[in-house]
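Novice: This is the structure I have questions about; it appears just below.
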Amino acid sequence: MFPDYEKIDQKVEELIYKYTHCKDSREDYREIYDLLGIGKVTFEISFEKDSLSRVMGPEFIMEAERSDDGSISIYESDTELGDVIEFVYPLQGRDDIKAKWYLKKKTDRSLIDEDRYRRVACKMYLMKSVSKMRTMLEFARLHDSQSGIPNGVGIKKLYKEAQEANPDVKYTVIYANLRNFKYINERIGVRGGDEAIIQFARRLTLVVEPDEGVCRLGGDNFLLFVKPDNLDHMIKVLSNFEIDNLESAPDKSFTLSSWLGIDVDIDDSDEDSDFGVRIERASIANTFARQKIKQPVVYYNEQFSDMMNTNKHIASIFMPGLKSREFQAYFQAKVNMRTGDLIGFETLCRWRHKGEFIFPDQFIPVIDRLGLIYELDMEMLRITCESVRKWLDLGLNPPVLSVNFSRKDIFIPDVEQQIKKVVDSYEIMPAYIEIEITETATEAEYARIIEFVRNLKNMGFRIAVDDFGTGYSSLSLIHNINADTLKIDKSFVTAIHKDAKTEILVSSIINIAERLNMELVAEGVETDEEGRKLMELGCEVAQGYYYSRPTDYEATTTLIRERPFKPIFSNPELIYTDPFGGEG
689 MFPDYEKIDQ KVEELIYKYT HCKDSREDYR EIYDLLGIGK VTFEISFEKD SLSRVMGPEF
749 IMEAERSDDG SISIYESDTE LGDVIEFVYP LQGRDDIKAK WYLKKKTDRS LIDEDRYRRV
809 ACKMYLMKSV SKMRTMLEFA RLHDSQSGIP NGVGIKKLYK EAQEANPDVK YTVIYANLRN
869 FKYINERIGV RGGDEAIIQF ARRLTLVVEP DEGVCRLGGD NFLLFVKPDN LDHMIKVLSN
929 FEIDNLESAP DKSFTLSSWL GIDVDIDDSD EDSDFGVRIE RASIANTFAR QKIKQPVVYY
989 NEQFSDMMNT NKHIASIFMP GLKSREFQAY FQAKVNMRTG DLIGFETLCR WRHKGEFIFP
1049 DQFIPVIDRL GLIYELDMEM LRITCESVRK WLDLGLNPPV LSVNFSRKDI FIPDVEQQIK
1109 KVVDSYEIMP AYIEIEITET ATEAEYARII EFVRNLKNMG FRIAVDDFGT GYSSLSLIHN
1169 INADTLKIDK SFVTAIHKDA KTEILVSSII NIAERLNMEL VAEGVETDEE GRKLMELGCE
1229 VAQGYYYSRP TDYEATTTLI RERPFKPIFS NPELIYTDPF GGEG
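Per my numbering, residue 689 is the first one in the sequence shown, and the count goes up by one each step.
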């Protein structure tokens, strides 16, 4: 019996119209396959490595169960099967889908028009593709594109579903940040680091129970919600997680541990049970763990609420404060300890809001987390250039002023041109400005920072490497960029006369700088003893309380005019004080 192609085409057209408005159903295909004499339809999916299709998984893409032979069954009847007709469709990159149509045994293959079958198969595949696209878009909305596990949006959905299914369970929320993960990137490269993150993420989903959840928030940050009786086990897992069998580093294994911020649900109020509030509380506890008390596990408590409210307040007033010029530049002198000559200043940020100072360690982390550090850095550059312009107009000869720029700034489009534009707007030479950068850790930052420095040097700016010796890539960095100044970190200066190893390290840094014809500045010099030891080792320029705390514009003008500093052997007293009692 010949298939009724006219009726088949009519049914296919009806489905095409239907599926432009709604999701497909397996039962909708049954009548068409019966008319075609098809007893079973499967898909076999071939994946390119690391493709989105592989991340999602074939069962998810085709919304069907995998058969014992590895294929995905789309339709199956109870009849005995005969010949197979195959159709191949490209999926993504080198991925492809092979559709297999199994004829019913009673269907006579010699009587069918395989070309018309192929055209029907293409239309059926397109209909499935429309539904598949909806599925993939929904997957992308709810999942991390790299690891395939839920993202921040996805875990909120999971949390809501878990609460509805288990209303009596008070879930615990865990904010996890992998400790020192940048060193894995340095040891095995970014690709290997990505593999490690993916392995960690996917294996973590196997540890949580079905009514619990885990997601990747981005980078090396993860969020989980678990039942109270599973918390201790989850802490142990996150504190000692073995990574091995990486394709890019098959002979290496790593043990990952995490900074954990934990919020335990002990309040029945609706506000405190809101998942967004709980995530923020766990995040604050995590920040305390990493930055404040250096403990691997910190539980949120009510004492943290002041910090949460302060952070919200800072976030709400930052941009208005920027527009109303509430941020001020304070300048800390750099002095040649042997001659007493004023060598330069570093610009430090101060925020006076409604007559009161907000301390840098309060607002800098918040601004950085909001992704607004570039706006603050550019404002400090603007104020610095404005100050230089004023000093020149007064007939003074200001030394070089250094301005800090975050590593995040280097990825702002045309940032070098934006820096030059600000300097040019005040009609000052770029040579008055030194851009301070901190050491970099990741390969992506490393490559970009070399380009960033090269571009600024070509424009006439000076470059300083801040906190030298504290980063992972110190020697590699100064080897590949043409920096003018190395700044020895305060931690080395403080220990230089107490620890023989520190003295050896500082001596090596000084020797390297001298051989590379780079200037040296020691940060945080507070005592005569520290200064003498530095000069003994060959570093003559100091920045710190020994000579001056950071000063405002008026006091700095006096310093430039009077040049009151003396050689360190004269044992000067502090000249100006800083209301913050800190250097930066």
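Heads up, the beta-carbon is just placed ideally off N, CA and C, and yes, glycines get one too.
Let me check one thing: in DSSP terms, what residues is residue 1230 bridge-paired to?
Specialist: 1023 and 1210
Novice: Determine the DSSP secondary structure at residue 1143, reduced to helix, strand or coil.
Specialist: Note: residue 1143 maps to helix in three-state DSSP.
Novice: Just to confirm the assignment: which complete alpha helix (DSSP H) runs, minimum length 4, are found wholly within the stretch 1018 to 1093?
Specialist: 1048 to 1057 and 1061 to 1081
Novice: For residue 776, which of 701, 800, 764 and 813 has the nearest alpha-carbon?
Specialist: 813
Novice: Reducing DSSP to helix, strand and coil, say where residue 964 ends up.
Specialist: helix
Novice: Taking just the CA atoms, how far does residue 1247 sit from residue 1045?
Specialist: When rounded, the distance between both Cα atoms is 23 Å.
Novice: With DSSP collapsed to three states, give me the class of residue 903.
Specialist: strand
Novice: Going by the C-beta, is residue 1106 closer than 7 Å to any heavy atom of the ligand COA?
Specialist: Ligands in the displayed structure: none, and consequently the ligand COA is not present.
Novice: Determine, using beta carbons only, whether residue 1035 and residue 1094 come nearer to each other than 8 Å.
Specialist: no
Novice: So what's residue 1274 in DSSP terms, helix, strand or just coil?
Specialist: Here the chain comprises residues numbered 689 to 1272, so residue 1274 is not present and cannot be evaluated.
Novice: Give the straight-line distance between the Cα atoms of residue 1170 and residue 1017, rounded to the nearest whole angstrom.
Specialist: Taking the straight line from one Cα to the other gives about 27 Å.
Novice: What's the gap between the Cα of residue 1275 and the Cα of residue 997?
Specialist: There is simply no residue 1275 to check, as the chain begins at 689 and stops at 1272 in what is shown.
Novice: Out of 778, 934, 773 and 1023, which one is the CA nearest neighbour of residue 798?
Specialist: 773
Novice: Kindly indicate which three-state DSSP category residue 831 falls into: helix, strand or coil?
Specialist: Residue 831: strand per DSSP, three-state reduction.
Novice: Identify the continuous beta strand (DSSP E) that holds residue 913 and give its terminal residues.
Specialist: 909 to 914
Novice: Relative to the C-alpha of residue 991, which residue among 969, 726 and 778 is closest?
Specialist: Ranked by how close their Cα comes to the Cα of residue 991, the residues 969, 726 and 778 have 969 in first place.
Novice: Using only alpha-carbon positions, find the residue among 930, 792 and 691 that is nearest to residue 729.
Specialist: 792
Novice: Quick check on residue 1239: does DSSP put it in helix, strand or coil?
Specialist: strand
Novice: For residue 796, collect the residues of the same chain with a Cβ closer than 6 Å to its Cβ; drop the 5 residues on either side in sequence, then sort them by chain order.
Specialist: Excluding residues up to 5 positions away in sequence, nothing lies with its Cβ nearer than 6 Å to the Cβ of residue 796 in the same chain.
Novice: What is the residue span of the beta strand (DSSP E) that residue 792 lies within?
Specialist: 784 to 792
Novice: What does DSSP give as the partner residues of residue 1136 in its beta bridges?
Specialist: DSSP output for residue 1136 lists no bridge partner at all.
Novice: Can residue 1110 and residue 1147 be called in contact, C-beta distance under 8 Å?
Specialist: no
Novice: Quick one: Cα of residue 707 to Cα of residue 727, how far?
Specialist: Roughly 23 Å separates the two Cα atoms.
Novice: Alpha carbon to alpha carbon, how far is residue 1062 from residue 1010? Give it in angstroms, no decimals.
Specialist: The alpha-carbon atoms of residue 1010 and residue 1062 are separated by roughly 12 Å.
Novice: For the candidate residues 766, 787 and 778, whose alpha-carbon lies nearest to that of residue 760?
Specialist: 787
Novice: When the Cα atoms are used, what is the spatial distance from residue 704 to residue 895?
Specialist: 42 Å
Novice: If residue 1023 sits next to residue 1229, beta carbons under 8 Å apart, how far is it from one beta carbon to the other, in whole angstroms?
Specialist: In this structure residue 1023 is in contact with residue 1229, their Cβ atoms being roughly 7 Å apart against a cut-off of 8 Å.
Novice: Under the assumption that residue 1144 contacts residue 1123 (Cβ atoms under 8 Å), give the Cβ distance between them as a whole number of angstroms.
Specialist: The Cβ separation is near 6 Å, so the contact holds.
Novice: Spatial neighbours of residue 1084 within its chain, please: C-beta separation below 8 Å, excluding the five flanking residues on both sides.
Specialist: Cβ within range, chain order: 1245, 1248 and 1249.
Novice: Over what stretch of residues does the beta strand (DSSP E) that includes residue 952 continue unbroken?
Specialist: For residue 952, the enclosing beta strand (DSSP E) begins and ends at 946 to 952.
Novice: Give me the Cβ distance between residue 1174 and residue 1208, rounded to the nearest whole Å; I'm assuming they're in contact under 8 Å.
Specialist: 6 Å
Novice: Measure the Cβ-Cβ separation of residue 834 and residue 882 and say whether it is below 8 Å.
Specialist: Yes.
Novice: I need the straight-line Cα distance from residue 1231 to residue 1149, nearest angstrom please.
Specialist: 21 Å
Novice: Would the beta-carbon of residue 839 fall within 8 Å of that of residue 903?
Specialist: yes
Novice: Put residue 1274 into one of helix, strand or coil per three-state DSSP.
Specialist: As shown, the chain starts at 689 and ends at 1272. That puts residue 1274 outside it, with no answer to give.
Novice: On the DSSP bridge assignment, give the partners of residue 764 in chain order.
Specialist: Residue 764 pairs with 728.
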